[in-house]
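According to our numbering, the sequence shown holds residues 13 to 268 in order. One structure is given here, and the rest of the page talks about it.
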Amino acid sequence: MPDLAYQIERLQVRRGNDSLLDCQQLYIPAHRVTAVIAAHTPEHSLLLQALAGAHGRQQGSLFGQPLPAGCHDARIAGLAPAATNPRQRLFDYVLQGRLPTSRWLQRPSALDRDTATLALRLVALEAQAGQRLDSLSPSEQQLARIARSLAQPAPVLLLDQWTAHLSVHQQLLLMQRLARLAPTGRTIVCPLPEHSPAASHAQWLVLLAGGRLLGQGSPAQLQPAANGHQPRHSAPFASQRDRQHPAASWPSRLAA
13 MPDLAYQIER LQVRRGNDSL LDCQQLYIPA HRVTAVIAAH TPEHSLLLQA
63 LAGAHGRQQG SLFGQPLPAG CHDARIAGLA PAATNPRQRL FDYVLQGRLP
113 TSRWLQRPSA LDRDTATLAL RLVALEAQAG QRLDSLSPSE QQLARIARSL
163 AQPAPVLLLD QWTAHLSVHQ QLLLMQRLAR LAPTGRTIVC PLPEHSPAAS
213 HAQWLVLLAG GRLLGQGSPA QLQPAANGHQ PRHSAPFASQ RDRQHPAASW
263 PSRLAA
C-alpha cells in the first residue's frame, strides 16, 4: 500500500439541517492523480473545498497530520486566480505562482524560472511564454491558470473547475501529463464530468452520488460502476510500475 495523502474517516458538509456531502473512509493516495466524478458539479466543488479546509475541521489526516480547517495551509494549492492585468506576460503571470506575495519584489531564482518554464511546457504553452495574457484564447487563459497552479510549491493541488473552456482533446492531453507529473511528488485532485474519457488517465477515482461516496479505486476496479453495477470500495494499492520507478523530485524534466 502506498503512502496516503488524505486518509479521511468522515467528511461532512452541512447547510443548516441539510447534509450536502457525507463521505466515510475516503482515501486519496499521495503522488497520484485522483479524479472526482459526480453527476452534479456542486458535489465536486464541495469535496475539494472540504479537503482544503473551507468547511471546518474534518475527521482524518493529510500526510499524517491534522486536516486544515478554515485557514491557508502551505501543503495545499488550488486553481490559480484569473489574471487581473491583461497586459501581463504569460511567463510573468505563471512565475507569480512560484513566488509568495512577500517575494514579488525580489528577483526570482533560477529554480523559480525553471519551474515556471516546466509548468508552461506541461500545459503546451511554452511557445506563448512571451505573449500578453489578453492575446490568449479562453482555453489558453485557462491553461495559464493551471500552469500557475503547477508552479506553486505545494505538494497537494486541488484543481476545481479546471476543465472550463478546455476541449475534450485538451483535457485528455493534460490528464496524461499530470499522470506523469504526479510521481515526482505532486498529489493532484481534479473533478471530471460523468463519462469523461480523461478519467482513463487518472490513477485513482472517487465516485460521488447523492452527496455520498459511491466508490473509490483504480479505473479498472471501478469499471463495474460504469456498467450499472455496484462498485467496490478499495484501499489504495501500489502498482508494479510504482515499485520499479520510484518518485523523483519536482521540478524534473518532463517530456513534451
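Glycine residues also receive a C-beta, built at the ideal position from the N, C-alpha and C atoms. Being a predicted model, the structure only gives us computed values, none of them experimental.
Relative to Leu130, the option among Ser57, Ile158, His52, Val218 whose CA is nearest is Ile158.
Secondary structure note for Ser151: its alpha helix (DSSP H) is the uninterrupted segment 150-163.
The three-state secondary structure of Arg44, taken from DSSP, is coil.
Contact between Arg189 and Ala92 does not hold, since their C-beta atoms are separated by about 17 Å, which reaches or exceeds 8 Å. CA-to-CA, the gap between Phe75 and Asp15 works out to about 8 Å.
Bridge pairing for Arg27: Asp30 [DSSP]. At a Cβ-Cβ threshold of 7 Å, Leu145 and Gln100 count as neighbours.
By the neighbour-count definition (other C-beta atoms within 10 Å, threshold 16), Leu178 is a buried residue. Annotated as proximal: Gln183 and Thr175, with beta-carbon spacing under 7 Å.
Between Leu217 and Pro231, the gap from beta carbon to beta carbon is short of 7 Å. The continuous alpha helix (DSSP H) containing Thr127 extends over residues 122-134. Of the candidates Ser147, Leu107, Val180, Leu107 places its Cα closest to the Cα of Asp126.
Distance from the CA of His56 to the CA of Glu138, rounded to the nearest whole angstrom, comes to 30 Å. Counted as a single uninterrupted DSSP element, the alpha helix (DSSP H) harbouring Gly109 occupies residues 102-110. For Thr53, the enclosing alpha helix (DSSP H) begins and ends at 53-64. The straight-line gap separating the alpha-carbon atoms of Met187 and Leu32 is approximately 28 Å.
Of Ser147, Leu170, His213, the smallest CA-CA separation from Ala86 is found for Leu170.
Minimum Cα-Cα distance from Leu219 among the listed residues Ala17, Glu21, Phe103, Tyr39 corresponds to Tyr39. When only Cα atoms are considered, Arg119 and Leu102 end up about 17 Å apart. By the neighbour-count criterion, in which a residue is buried when 16 or more other Cβ atoms sit within 10 angstroms of its Cβ, Gly90 is buried. Rounded to the nearest whole angstrom, the CA to CA distance from His84 to Ala166 is 11 Å. Shown here, Glu21 sits in a strand according to DSSP, grouped into three states. The straight-line gap separating the alpha-carbon atoms of Gly197 and Arg133 is approximately 18 Å.
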